[in-house]
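> Have a look at this one before I ask anything.
2 protein chains.
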Amino acid sequence: MTHGTTSPHPAEPAPAPRRGRPRDAARDRALLDATLAVLAENGYGGLTTAAVAARAGVSTATLYRRWSSKEELVIAAAALHGESSYEQPGTGTLEGDLRVVLREKAAAMTGEPGRLIRALIGEAAHNTALAEALVTAFLQPLYDRVAEVVRRAVERGEIPPLDGVELLGEVVVGPVMTHFLLTPRLPEDVDQATARETADRLLPFALRAVGGTP
Amino acid sequence: MTHGTTSPHPAEPAPAPRRGRPRDAARDRALLDATLAVLAENGYGGLTTAAVAARAGVSTATLYRRWSSKEELVIAAAALHGESSYEQPGTGTLEGDLRVVLREKAAAMTGEPGRLIRALIGEAAHNTALAEALVTAFLQPLYDRVAEVVRRAVERGEIPPLDGVELLGEVVVGPVMTHFLLTPRLPEDVDQATARETADRLLPFALRAVGGTP
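In C-alpha cells form, the structure reads like this:
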C-alpha cells in the first residue's frame, strides 16, 4: 500500500494500533467505501462528512478521529480506488516500463476511477487544499515512478542522461492525462480496450521524448 | 480573429450587420467584458446572464439575441481573452515554431487567463456542454496549429513522417497544460518569466517526441 503509513494492511491484523481499536481497519474501509458511494451520488460539492458517517454507520466524531477534513477523506477514498496503479514496473526495458505506466494511467483515467478523478480535478480548480492533496497523493508518486523508470534506463545505457528530469512526469504522462481529461467525452464512456490502445499509440512519442528509439 | 465568423471586427464599422444594429460590436464587447468581470467575482457557478446583462447595461433579451446560453457567453468571453494566441507560427524551423506554440500556451495557462481557463476546465469536468464548447473554441484550434507545424516540418524534410498524427496536439501541448493545470499553485501566481522558462525547458522533449533533434 502506498498510503499505508497510517492505515494497517487490510489483509493482516493491525499491528499494535495506536488507538488500540482492532476494528479500525474494517471501519476505515467502510468509511472510504461510503465516501465513494456518496461522491458518486452527490458529487464533491454535495458530499458531507455527516452523510458519509451515517452511511458507514458510525458517528461523525469517529470519522474525524481518522480524517480531519472532507478533503483528506475524499483523497484517501480516491487513493484506495487507484491503489493498484502505484507499483514500479520492472520489464527490463525502457519501452516496456513506459508501456506499463501509460497503460495503467490510461486505465485509471477512464471508467469509474476516471469519473472520480475528473470530478476531483474539477473541484481542485478552485480548492487549493484539495489540489495540494491530489498532487501529494496521486501526481507526485506517479511522477516519481516515471523518473525512476527513466533513471534506470540511463543507468542501463539505453538512453543518454537528460536535462530537465524534473519535468519527466509531465512529459511522459501529460499527454495521456490531457487526452482523457480535456475532452467532452465522459471518462466512464471510454472502454478499457480503447484506453489501452490510446496508451500504446502514445508510447512511441513518450519513448522518443526521453531519448529512446521506438 | 479566429472566432470572427459571426462577430464584426471591432476596429471597423460592422459591414451590413444582419440585425441592422451598427452598435452591435461595441455592445458585444461590453457584454463579454462584463462576463469576465462577473466570472472573476463570482466564479462560473455564481454567474447569471441577468448579472452580466445588468453590468453591461442591456436587457437579458438583448444578451440572448447574441448568445443563446450561459455556456456560449462564457466561451465567447474566454475566446476574446485568449484570442491573440491563435496565430500560426512561421519561424521556418520546427524548433522555432514549437517554441512559439509552447511559450504562448504557457503564457495563456498562467496569469489572469490561466485563472479563467482553470475555472472553466474545473466546471467542464461536470458540464458536458461547456466541455464541448471549450474543446471547439480552444483545444481543437490549438491542436490543429500543432499538427500544421509538424506537417510543414515533415514537408521540409526536417523530420520523417509520423504515425499517430491525431495525437500530436496532446503530445506537444499536453505537458505544458498538465504542468500549469494539475498543480496546487494558482495560475495567477506564476509570473510570465517563469512560464516562458518552463516552456523552453519542455521544448527539447517536445522536439524529440515528434522526431526532431534538439
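If you read the protein sequences in the order shown, they are chains A and B. Under the UniProt record's numbering, the first residue of the first sequence is numbered 1, with each subsequent residue one higher. Under the UniProt record's numbering, the first residue of the second sequence is numbered 1, with each subsequent residue one higher. From the three backbone atoms N, C-alpha and C, an ideal C-beta is built for every residue, glycine too. Predicted model only: the values in this text are computed from it and were never measured.
(1) Name, please, each residue of chain B whose Cβ falls closer than 8 Å to the Cβ of D189/A.
(2) What's the C-alpha gap between L134/B and R27/A?
(3) Do V149/A and D97/A come within 8 Å of each other at the CB atom, strictly closer than that value?
(4) Have a look at G212/A and L167/B and give me their C-alpha separation to the nearest angstrom.
(5) Below 8 Å on C-beta distance, what does L202/B contact in chain A?
(6) What in chain A is Cβ-close to G92/B, meaning under 8 Å?
(7) To the nearest angstrom, how far is the alpha carbon of Y44/A from that of R145/B?
(8) Spatial neighbours of A77/B within its chain, please: C-beta separation below 6 Å, excluding the five flanking residues on both sides.
(9) Roughly how many angstroms separate the alpha carbons of K105/B and H126/A, rounded to a whole number?
(10) What residues in the segment 133-146 of chain A bring their beta carbon closer than 8 Å to a beta carbon of chain B?
(11) Who are the neighbours of P160/A on chain B, taking C-beta pairs under 9 Å?
(12) Are the CB atoms of V58/B and L73/B nearer to each other than 8 Å?
(13) Could you run through the segment 95-121 of chain A and flag, in chain order, every residue whose CB is less than 8 Å away from some CB of chain B?
(14) Suppose you measure from the CA of A131/A to the CA of R201/A; what does that come to, to the nearest Å?
(15) Any idea what DSSP makes of A11/A, helix, strand or coil?
(16) I need the straight-line Cα distance from L142/A to L181/B, nearest angstrom please.
(17) Return helix, strand or coil for G4/A, following the three-state DSSP convention.
(18) How about T178/B and E170/A: do their beta carbons lie closer than 8 Å?
(19) Using a beta-carbon distance below 8 Å, is T128/A in contact with chain B?
(20) Give the DSSP-derived three-state secondary structure of E155/B in the structure shown.
(21) Taking CB distances under 8 Å as the criterion, tell me whether L43/B reaches chain A.
In brief:
(1) What D189/A touches in chain B: nothing, since even the nearest Cβ is about 11 Å away.
(2) 42 Å
(3) yes
(4) 19 Å
(5) G164, L167, E170, V171
(6) Within chain A, no residue comes near G92/B; the closest Cβ sits about 23 Å away, beyond 8 Å.
(7) 36 Å
(8) L32, T35, L36
(9) 21 Å
(10) L134, V135, L139
(11) Near P160/A there are no residues of chain B at all, since even the closest Cβ is about 11 Å away, more than 9 Å.
(12) no
(13) R118, A119, I121
(14) 29 Å
(15) Annotation note: pLDDT 45 at A11/A (below 50); position unreliable, no value reported.
(16) 16 Å
(17) Only weak support exists for where G4/A lies, its pLDDT of 37 falling under 50; the coordinates are left without a value.
(18) yes
(19) yes
(20) helix
(21) Note on residue identity: the sequence assigns Gly, not Leu, to residue 43/B. With 8 Å as the cut-off, G43/B counts as an interface residue toward chain A.
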